[in-house]
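Visitor:
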């Protein structure tokens, strides 16, 4: 078996090629970093615009009217202003006189919601509704409504 010994000149050429490849890779890395810097600026600008739009919607107030009719309702729970959008503050009325009606002011993306609670599940005559600017945006009736947890609508300022 014969072994080939490479001259030093070939090793120097190999090192030169490796250095050239490293320079190209380094150049690509720097170029991509510059591009990603631009992409990051665009991302930050878009994020800020979205945040500003959400803040504007979140601060907008709106009024809804809750209504519960029928009989056999032991308690009514309803969303009011306060708390967080997806964890709204809830007020309760025990032993309400029906028909019951309440107008509340909510903020931003907080969903309007009213839940009549009947211990006797045969309350098929119970109805609930949510009205916004004179238009009913959610309505529920009977046992199915009671089992579903009342009436909850999407905030009209985002819908």
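In the numbering used here, the protein residues as written are 143 to 301. No residue lacks a Cβ here, since even glycine has one placed at the ideal position from N, Cα and C.
So residue 269 and residue 211 are supposed to be a Cβ contact under 8 Å. How far apart are they, rounded?
Guide: Residue mapping note: residue 269 aligns to position 127 of the chain shown, counting from 1. Residue mapping note: residue 211 aligns to position 69 of the chain shown, counting from 1. Between residue 211 and residue 269 the Cβ distance is about 5 Å, and since that is below 8 Å, they are a contact.
Visitor: State the beta-bridge partners of residue 258 as determined by DSSP.
Guide: For the purposes of this step, residue 258 is taken as residue 116 along the chain shown, with counting starting at 1. Residue 258 pairs with 218.
Visitor: Quick check on residue 213: buried or exposed, where buried means 16 or more other Cβ atoms within 10 Å of its Cβ?
Guide: Here the question's residue 213 lines up with position 71 in the chain shown. Exposed: under 16 other Cβ atoms inside 10 Å.
Visitor: Using DSSP with H/G/I as helix, E/B as strand and the rest coil, what is residue 236?
Guide: Looking up residue 236 in the chain shown gives position 94. Three-state result, residue 236: strand.
Visitor: With distances taken Cα to Cα, identify the nearest neighbour of residue 235 among 247, 220, 226, 228.
Guide: For this step, residue 235 is matched to residue 93 along the chain shown. It is 220 whose Cα lies nearest to the Cα of residue 235.
Visitor: According to DSSP, is residue 294 helix, strand or coil?
Guide: Residue mapping note: residue 294 aligns to position 152 of the chain shown, counting from 1. Here residue 294 sits in strand by DSSP.
Visitor: When burial is assigned at 16 or more other CB atoms within 10 Å of the CB, is residue 287 buried or exposed?
Guide: Indexing the chain shown from 1 puts residue 287 at position 145. With 16 or more other Cβ atoms within 10 Å, it is buried.
Visitor: What are the boundary residues of the beta strand (DSSP E) that includes residue 246?
Guide: The count along the chain shown starts at 1 and reaches residue 246 at position 104. 242 to 249 is the extent of the beta strand (DSSP E) around residue 246.
Visitor: Tell me where the beta strand (DSSP E) around residue 282 begins and ends.
Guide: In the chain shown, counting from the first residue as 1, residue 282 sits at position 140. Residue 282 -> beta strand (DSSP E) spans 277 to 283.
Visitor: Do residue 248 and residue 215 come within 8 Å of each other at the CB atom, strictly closer than that value?
Guide: In the chain shown, the residue the question calls residue 215 occupies position 73. In the chain shown, the residue the question calls residue 248 occupies position 106. Against a cut-off of 8 Å, the Cβ pair of residue 248 and residue 215 comes out as no contact.
Visitor: Is the beta carbon of residue 245 closer than 8 Å to that of residue 207?
Guide: On the chain shown, residue 207 is found 65 positions in, with the first residue counted as 1. On the chain shown, residue 245 is found 103 positions in, with the first residue counted as 1. In this structure, residue 245 lies closer than 8 Å to residue 207 by Cβ.
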